[in-house]
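Working notes for the structure below.
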Amino acid sequence: MVVYTKGDENLWTGRIDDTEKRAHFRNFQVVDVVDLEEIDDNRENEQIEDYAPQYDVGILGYAVDRGVYLNQGRIGAQQGPDAIREKFGNMALMNDITIGDFGNISTDETYVENVQIEYADMIKKSHSLAKFHMLLGGGHDISYAHYKGLRQIYPHQSIGVINIDAHFDLRDAKYATSGTGFKQIIDEDPEAGYLVLGIQQAANTQHLFNIAKERGVEYVLAEQIDQDSTNECIASFIDKYDVIMLTLCLDVIDSAYGPGVSAPCSFGLSPKQVYRLILEVLKYDKTQHISIAEMNPEYDIDGRTAKMVGHIMFHILHRNSNIE
Ligand SMILES: N=CN[C@@H](CCC(=O)O)C(=O)O
Ligand SMILES: [Mn+2]
Ligand SMILES: [Mn+2]
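Counting in full-length UniProt numbering, the sequence shown runs from 1 upward without gaps.
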């Protein structure tokens, strides 16, 4: 059974320096927990442009690691969204932002197809509630759910997919896993393009490189990420599509910075390199959702990975401000 759970108020707690003056606040002090099951379904049909979003940012969790298990990976990412919430909540509140926590989806089913469909519906349902959305995983099977949600929101637009990842996730399987998401997208949508940033040669078999070549997948290797050509590649890719789906697989970050992931990689990117790539993509204003996948608290060290994700979220939120 697939289960929707509204956000847990107890996660949004922490150090309180003042209860009134916002200059003393941390993020958790302004979070509203929103029960999506209480949101009127009719509002889904409202024209997005006619509706002023209530929140600057919405948080929606994909508390699922079954897709990782089905991909022969190590489980634990089910706890990922809540681990990230806790760390992000205790970071300083800057500016006058508002945050809505739209809850988590989870499943006890053997396969992830149903939970992906329901998560896509949640993405659609919550879309008009916030200006920007953080979709927190969970396994990288969140990618296909993210795509399906965008398809509902933008039925007629072309979608280009940018994945910041050490892996292609272009596997063929009889059922969806954390390693099949992008193959599912490009098989289903011949108009969709796929660009991967941060690919590691040692983490993908020659077969996966062959599939990428056959299917016209563009990619930049981790060791080439600082070359000027990376920005040119991002710009020319984004130019081809109406909407850009942006997803981050945390194992692209070197395991020294982010040990708490399902499939850790050495020789990975630094958090700063990843943050720079995210900002580069977001500056084209074709992206209103980012999914952040594979946070696995079981293997984290002193909450280091979850805190790093909190920082990445913080920087995304304040990308237009002077905070650095
Ligand atoms: N989402 C992760 N996908 C990777 C996992 C690799 C691994 O388990 O080592 C993949 O399928 O290639
Ligand atoms: Mn990966
Ligand atoms: Mn991945």
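Note that beta-carbon positions come from the ideal geometry of N, C-alpha and C, so glycine has one too. What you are looking at is a predicted structure, and each value in this text was computed from that prediction instead of being measured.
Got a sec? Which residues, its chain only, sit under 6 Å from residue i by beta carbon, not counting five neighbours each side?
| i | result |
| --- | --- |
| residue 3 | 106 |
| residue 70 | 177 |
| residue 10 | none |
| residue 179 | 71, 169 and 171 |
| residue 163 | 196 and 247 |
| residue 284 | 238 |
| residue 111 | 175 |
| residue 19 | none |
| residue 301 | 259 |
| residue 12 | 28, 31 and 89 |
| residue 230 | 220 |
| residue 314 | 91 |
| residue 35 | 6 |
| residue 156 | none |
Can you find the residues in the same chain that come closer than 8 Å, C-beta to C-beta, to residue i, ignoring five residues on each side of it along the sequence?
| i | result |
| --- | --- |
| residue 87 | 303, 306, 307, 309 and 310 |
| residue 150 | 123, 159, 243, 245 and 289 |
| residue 118 | 2, 4 and 105 |
| residue 165 | 140, 196, 197, 198, 199, 247, 248, 249, 251 and 252 |
| residue 226 | 273 |
| residue 53 | 128, 129, 130 and 131 |
To which residues of the same chain is residue i closer than 7 Å at the C-beta, ignoring the five residues directly before and after it?
| i | result |
| --- | --- |
| residue 319 | 279 and 282 |
| residue 49 | Below a pLDDT of 50, predicted positions are generally treated as unreliable, and residue 49, at 49, falls in that range; the measurement from the model is reported next regardless. Result list for residue 49: empty, nothing under 7 Å. |
| residue 191 | 158 |
| residue 266 | 254 and 255 |
| residue 323 | With a pLDDT of 40 at residue 323, under the threshold of 50, the modelled position of that residue is not reliable, and the figure given next carries that caveat. 94. |
| residue 215 | 186 |
| residue 173 | 180 |
| residue 208 | 168 and 170 |
| residue 183 | 170, 171 and 172 |
| residue 213 | none |
| residue 206 | none |
Starting from the Cα of residue i, find the closest Cα among the options and give me that residue.
| i | options | result |
| --- | --- | --- |
| residue 170 | 131, 90 and 218 | 218 |
| residue 201 | 174, 301, 167 and 233 | 167 |
| residue 290 | 161, 191, 174 and 252 | 161 |
| residue 336 | 179, 296, 267 and 23 | Outside the displayed span of the chain (1 to 324) sits residue 336, for which this structure offers no information. |
| residue 268 | 276, 277, 257 and 186 | 257 |
| residue 40 | 129, 63, 204 and 277 | 129 |
| residue 80 | 294, 276, 286 and 173 | 294 |
| residue 276 | 237, 259 and 228 | 228 |
| residue 272 | 312, 210, 287 and 237 | 312 |
| residue 37 | 55, 56, 316 and 6 | 6 |
| residue 235 | 53, 211 and 286 | 286 |
| residue 211 | 157, 12 and 187 | 187 |
| residue 96 | 35, 90, 21 and 213 | 21 |
Would the beta-carbon of residue i fall within 9 Å of that of residue j?
| i | j | result |
| --- | --- | --- |
| residue 139 | residue 68 | yes |
| residue 249 | residue 195 | no |
| residue 147 | residue 181 | yes |
| residue 137 | residue 263 | no |
| residue 126 | residue 61 | no |
| residue 152 | residue 189 | no |
| residue 115 | residue 66 | yes |
| residue 144 | residue 185 | yes |
| residue 113 | residue 55 | no |
| residue 132 | residue 316 | yes |
| residue 8 | residue 108 | no |
| residue 64 | residue 142 | yes |
| residue 329 | residue 193 | The question about residue 329 has no answer here: the residues shown for the chain are numbered 1 through 324. |
Would you please state the rounded distance, in angstroms, between the beta carbons of residue i and residue j? I believe it to be under 8 Å.
| i | j | result |
| --- | --- | --- |
| residue 298 | residue 76 | 3 Å |
| residue 254 | residue 270 | 7 Å |
| residue 261 | residue 296 | 5 Å |
| residue 292 | residue 134 | 7 Å |
| query | Do the segment 90 to 109 and the segment 21 to 40 make contact, defined as three or more Cβ pairs closer than 8 Å? | reply | Yes, they touch.
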